[in-house]
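Numbering follows my numbering, with no gaps: position 184 of the sequence shown is 1355. From the three backbone atoms N, C-alpha and C, an ideal C-beta is built for every residue, glycine too.
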Amino acid sequence: MLSRSQFILGPEGMGFEKEFAAFTGARDCVTVSSGTSAIELSLRDAGVTGEVVTTALTAPFTAVGILAAGASVRFADVDPGTLQMDPADAANRINRRTRALLPVHLYGQLCAIEALRKLAADHGLALIQDACQAHGARLSGRPLTRFSEYVCYSFYPTKNLGCLGDGGAVATSRSRPAQRLRRMRDGGRVGQIALTPGVNARLDEIQACYLRAALPHLAGWNASRAKLAAVYDNALADCPGVTLVRRDQNSVHHLYVIRAQRRDGLRRHLTRAGIGTGVHYPVPLHLHPAFAAARQKRGSLPHAERACREILSLPLWPGLRQTEALRVAESIRSYFQ
Ligand SMILES: Cc1ncc(COP(=O)(O)O)c(C=O)c1O
1172 MLSRSQFILG PEGMGFEKEF AAFTGARDCV TVSSGTSAIE LSLRDAGVTG EVVTTALTAP
1232 FTAVGILAAG ASVRFADVDP GTLQMDPADA ANRINRRTRA LLPVHLYGQL CAIEALRKLA
1292 ADHGLALIQD ACQAHGARLS GRPLTRFSEY VCYSFYPTKN LGCLGDGGAV ATSRSRPAQR
1352 LRRMRDGGRV GQIALTPGVN ARLDEIQACY LRAALPHLAG WNASRAKLAA VYDNALADCP
1412 GVTLVRRDQN SVHHLYVIRA QRRDGLRRHL TRAGIGTGVH YPVPLHLHPA FAAARQKRGS
1472 LPHAERACRE ILSLPLWPGL RQTEALRVAE SIRSYFQ
């Protein structure tokens, strides 16, 4: 790669696009500079400028991508069992300005994509999937691109498939959007001429090179994550003070999230025991000042608000040992006993 002196948009990127499309079962895949830009470019390509309904429980970057596309955002509540966007609540948020649904496959678990596809079709809305946490997830073997034209991925270093910095991709079921996205990410140019409005959202060759080396390991890493998640499931099934978040066999287990009573106390207890944890996410998006234009007050999305007070992400990565996961579970039990 270095000897070719081609550092952006070269053969490594093209090779990775083909390989990641094959892995996800998409017709095509277009690399971009981040998951946020994948969301922004998908919305721009779909011509969405009105309101976009997404979940209140996700990374702020989901909504950042929506605003970057020039659209506005409206948040829907989550299903309290799965913590994924609730299709019934999303239906209630649709109004005459709504142009798209943008559900997230949160924590590596699929959202209710079939119901949301129907909802989008019934209302003539675009459907863009945020799969930034769900590399390799399919619905009973069916690729996510079966359900919408745009599926957005992030290769932020902590993801199931991460690179050495920022990176992202849009997987798509059709070749025309892929052609347009390739032009849009590169300033809207054909050759040296900017033909259509574009942005600079290109992936570096060095990131593509790294991703090509990592991709063959992804299925194995996802399998390791699944085993560790099963260890946690068993060890915490009847643990007092803990409620498990519902997943199914389609999950790629990006994060292992529990709901806990006295979450912050439990977190301090685990930290003292040398166990690092996370909270994904501490504040639902409708309560972030940056998204105040949605005018959705505290109390308006009760399931997401409550979840943010209770959720805790336990250590989970492919190299974690099962004995270590058991020690985490034991430490949680000891807190509640
Ligand atoms: C659900 C979700 N959506 C969007 C993003 C944005 O991806 P990136 O950080 O690559 O821009 C992330 C990751 O941060 C994410 O987890």
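Around the C-beta of residue i, are 16 or more other C-beta atoms found within 10 angstroms, so that it is buried, or is it exposed?
{"i": "Pro1154", "result": "What is shown of the chain runs 1172 to 1508, which leaves residue 1154 out entirely."}
{"i": "Arg1480", "result": "exposed"}
{"i": "Ser1505", "result": "exposed"}
{"i": "Lys1189", "result": "exposed"}
{"i": "Pro1455", "result": "buried"}
{"i": "Met1185", "result": "exposed"}
{"i": "Ala1349", "result": "buried"}
{"i": "Lys1330", "result": "buried"}
{"i": "Leu1273", "result": "buried"}
{"i": "Gly1339", "result": "buried"}
{"i": "Leu1332", "result": "buried"}
{"i": "Ala1461", "result": "exposed"}
{"i": "Ser1311", "result": "exposed"}
{"i": "Asp1131", "result": "No statement about residue 1131 is possible, as the shown extent of the chain runs from 1172 to 1508 and does not include it."}
{"i": "Asp1199", "result": "buried"}
{"i": "Ala1234", "result": "buried"}
{"i": "Ala1408", "result": "exposed"}
{"i": "Gly1252", "result": "exposed"}
{"i": "Gly1391", "result": "exposed"}
{"i": "Ser1204", "result": "buried"}
Quick one: residues in its chain with C-beta nearer than 6 Å to the C-beta of residue i, no 5 flanking neighbours on either side, listed in chain order?
{"i": "Arg1418", "result": "Gln1280"}
{"i": "Gln1467", "result": "Phe1246 and His1457"}
{"i": "Gln1432", "result": "Gly1412"}
{"i": "Gln1493", "result": "Val1402"}
{"i": "Ala1286", "result": "Pro1258"}
{"i": "Ser1471", "result": "none"}
{"i": "Ala1217", "result": "Ala1297"}
Just to confirm, is the Cβ distance from residue i to residue j under 8 Å?
{"i": "Ala1406", "j": "Ala1500", "result": "yes"}
{"i": "Val1341", "j": "Val1201", "result": "yes"}
{"i": "Ile1299", "j": "Ser1208", "result": "no"}
{"i": "Arg1267", "j": "Ala1240", "result": "no"}
{"i": "Arg1354", "j": "Thr1367", "result": "yes"}
{"i": "Val1402", "j": "Ala1308", "result": "no"}
{"i": "Ala1271", "j": "Val1219", "result": "yes"}
{"i": "Ala1400", "j": "Tyr1427", "result": "yes"}
{"i": "Gly1196", "j": "Cys1323", "result": "no"}
{"i": "Gln1255", "j": "Cys1282", "result": "yes"}
{"i": "Val1275", "j": "Thr1229", "result": "yes"}
{"i": "Arg1430", "j": "Ile1482", "result": "yes"}
{"i": "Asp1404", "j": "Leu1415", "result": "yes"}
{"i": "Arg1321", "j": "His1425", "result": "One point to set straight first is that residue 1321 is Tyr, not Arg, in the sequence displayed. Cβ distance not < 8 Å, so Tyr1321 and His1425 don't count as in contact."}
{"i": "Gly1447", "j": "Pro1486", "result": "yes"}
Excluding five sequence neighbours on each side, which residues of the same chain lie with their C-beta closer than 8 Å to the C-beta of residue i?
{"i": "Thr1269", "result": "Gly1221, Glu1222, Val1223, Val1224, Arg1245, His1294 and Leu1296"}
{"i": "Gly1369", "result": "Arg1354, Met1355, Arg1356, Asp1357, Gly1358, Gly1359 and Arg1360"}
{"i": "Leu1180", "result": "Asp1357, Arg1373, Leu1374 and Glu1376"}
{"i": "Lys1398", "result": "Gln1493"}
{"i": "Leu1335", "result": "Pro1328, Ile1377, Gln1378 and Tyr1381"}
Less than 8 Å between the CB atoms is what I'm expecting for residue i and residue j, so what's the real figure, rounded?
{"i": "Asp1337", "j": "Ile1210", "result": "Not a contact, Cβ separation roughly 13 Å."}
{"i": "Asp1357", "j": "Arg1373", "result": "6 Å"}
{"i": "Ser1484", "j": "Val1450", "result": "7 Å"}
{"i": "Phe1187", "j": "Ala1379", "result": "4 Å"}
{"i": "Ser1319", "j": "Ala1464", "result": "That pair is no contact at about 26 Å."}
{"i": "Ala1227", "j": "Asp1250", "result": "Wrong, their Cβ atoms sit about 12 Å apart, outside the cutoff."}
{"i": "Phe1194", "j": "Leu1386", "result": "6 Å"}
Spatial neighbours of residue i within its chain, please: C-beta separation below 7 Å, excluding the five flanking residues on both sides.
{"i": "His1459", "result": "Pro1231"}
{"i": "Met1172", "result": "Glu1183, Glu1376, Ile1377 and Cys1380"}
{"i": "Tyr1327", "result": "Gly1206, Gly1333 and Asp1337"}
{"i": "Leu1290", "result": "Pro1258, Ala1261, Ala1262 and Leu1272"}
Using a Cβ-Cβ distance under 8 Å, would residue i count as near chain B?
{"i": "Val1413", "result": "Absent from the structure is chain B; it holds one protein chain and no more."}
Open item on the list: Which runs of the beta strand (DSSP E) at least 3 residues long sit entirely within the region 1322-1391? Give them in chain order.
Closed with: 1339-1343
- [ ] Entirely within the region 1421-1491 and at least 3 residues each: give me those beta strand (DSSP E) ranges in chain order.
- [x] 1427-1431 and 1482-1485
Task: Sequence ranges, beta strand (DSSP E) only - wholly within the region 1194-1246, length at least 3 - done: 1199-1203 and 1222-1226
- [ ] Identify every run of the alpha helix (DSSP H) within the region 1246-1274, keeping only runs that are complete inside it and at least 4 residues long; order them along the chain.
- [x] 1258-1264
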